[in-house]
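Residue numbers (full-length UniProt numbering): 1 to 349. A short worksheet on the structure shown next.
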Amino acid sequence: MANSRILFFGDLTETDFGIEQLLSQSEQSEHLNTYFNDALAVSRETLNTLTLKDAEKYRLDSMPSLVGRVQGEESSSVILRVLALCFAQIGHLIVRLEKDPDLRELWMNQKLLMVASCAGQLAASLAATTRSINSLIEAAPSMLAVSIRAAFDADRKTDAAADDRSQSWAYAVFEISMQQAADAANSFNKAKNIPITRHLYVGAASAWATTVIGPPSLLTGFFATDPFPGKRNLALPISTLFHAEHLEAPDLSTIVGSALIFDTLKLEVTPFISSDTGLLHAPQNLRGLAGEAVLNVNARLTDNRKVFAKVKEIIGENSATVFPIVAKKGALRLSKALGEDRVSIETSD
């Protein structure tokens, strides 16, 4: 039986960014050290262009220290959390490619299946369009800048909803359909005459759970009505209005920026699944693909039912090896969906 190889990029629900491993590898990797230095310079520069409430909170001493801080604080700034995730994912990708020549060859020859959840699509877009570690490192800081601006866009829309940012803004509800959740949220919004900037909405769906997103005070009132009798819900470490189709669309020109390398790097034949439609992204340059990633993160539903179904379709009867890129939780969910007896997960520990 043939074996399919999958690079899986996790989302903001991941809690282990693997910073200790990155620090250890940086002692012997010139590529990683270059990436660390360039990432810090561009991240500082990008943050300085934004109007931030507490500038001191966004002061960066080093990228590894940022990741360590964010990893231990579920209520940390979403801008810093998205930046830390994207930085860690690109770093771990560099390590994987350096240490595994077989994986590197498959990547260079565009034979890896790319799967990503939510904010993981930013780093995945870079992985899907680069063909050498040097070009990956050259373009990486510009992708980190995109991650900062995308998170800032979602953050300001969340601030407009005027609620408690220290609480969870997203709850996974188990064993209900997406339609059930959407109908219940819409009915609640209508009954309470809630303004659109504060609407409850469905932001993500999987075979096991549907995620309802909105201001914490409204989520408390919503679940107090027992909209899904007997069904368990779980607060997620998300305090931002991601996947908000009903809000103002992101300004892609500003968020993606003007990095010239985004025009030269291209998605050609690498299969990369959209987290919204579950279809393969069409061939395009990184500028277009980064824009799609931003839309999928900020303004479109994440539908893992469609994504995992597409993975099944692509691999057919093959076995699969999953390489998690800061995606331990996501890789386990994918393994469960595909059938654990034919999936191996290659950790980088």
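From the three backbone atoms N, C-alpha and C, an ideal C-beta is built for every residue, glycine too.
Count the other CB atoms within 10 Å of the CB of residue i; is the residue buried (16 or more) or exposed (fewer)?
{"i": "N48", "result": "exposed"}
{"i": "S4", "result": "buried"}
{"i": "L338", "result": "buried"}
{"i": "F174", "result": "exposed"}
{"i": "N304", "result": "buried"}
{"i": "L136", "result": "buried"}
{"i": "R232", "result": "exposed"}
Taking the continuous alpha helix (DSSP H) assigned at residue i, which residues delimit it?
{"i": "T34", "result": "30 to 48"}
{"i": "A139", "result": "133 to 160"}
{"i": "T129", "result": "120 to 129"}
{"i": "residue 351", "result": "Given that the chain is displayed from residue 1 to residue 349, the structure contains no residue 351 and the question cannot be resolved."}
{"i": "A309", "result": "304 to 315"}
{"i": "A224", "result": "216 to 224"}
{"i": "residue 350", "result": "The structure shown does not extend to residue 350, since the chain is modelled only from 1 through 349, so no value can be given for it."}
Mapping the DSSP letters down to three states, classify residue i as helix, strand or coil.
{"i": "A337", "result": "helix"}
{"i": "Q110", "result": "coil"}
{"i": "K328", "result": "helix"}
{"i": "I238", "result": "coil"}
{"i": "R165", "result": "coil"}
{"i": "D263", "result": "helix"}
{"i": "A293", "result": "helix"}
{"i": "V67", "result": "helix"}
{"i": "V256", "result": "helix"}
{"i": "T197", "result": "helix"}
{"i": "N318", "result": "coil"}
{"i": "L280", "result": "strand"}
Starting from the C-beta of residue i, find all residues in its chain whose C-beta is less than 6 Å away, skip the five residues before and the five after it, and write them out in chain order.
{"i": "A184", "result": "P227"}
{"i": "A259", "result": "S142"}
The beta strand (DSSP E) that contains residue i, what's its start and end?
{"i": "L83", "result": "Counting along the chain, L83 falls outside any beta strand (DSSP E), though it belongs to the alpha helix (DSSP H) covering 78 to 99."}
{"i": "L52", "result": "Unbroken run through L52: none, as it is neither H nor E."}
{"i": "S4", "result": "3 to 9"}
Give me, in chain order, the residues of the same chain whose beta-carbon lies closer than 7 Å to that of residue i; leave out the 5 immediate sequence neighbours on both sides.
{"i": "R300", "result": "H243, E245, D276"}
{"i": "N189", "result": "H199, L200"}
{"i": "N318", "result": "M1, A2, N3, S4"}
{"i": "R131", "result": "M108"}
{"i": "V307", "result": "V115, I273, S275, G278"}
Comparing C-alpha positions only, which one of the options sits nearest to residue i?
{"i": "S274", "options": "L295, L265, K266", "result": "L295"}
{"i": "S177", "options": "S125, E346, G203, I345", "result": "G203"}
{"i": "F87", "options": "L103, G120, K99, L106", "result": "G120"}
{"i": "R165", "options": "L236, A331, E313, E27", "result": "L236"}
{"i": "V256", "options": "A150, F222, T220", "result": "A150"}
I'd like the list of long-range same chain contacts for residue i, defined as Cβ closer than 8 Å, with 5 residues on each side in sequence excluded.
{"i": "N285", "result": "T129, F262, D263, T264, L265, K266, L267"}
{"i": "S62", "result": "F36, L40"}
{"i": "S344", "result": "S319, A320, T321, V322"}
{"i": "T347", "result": "P324, K328"}
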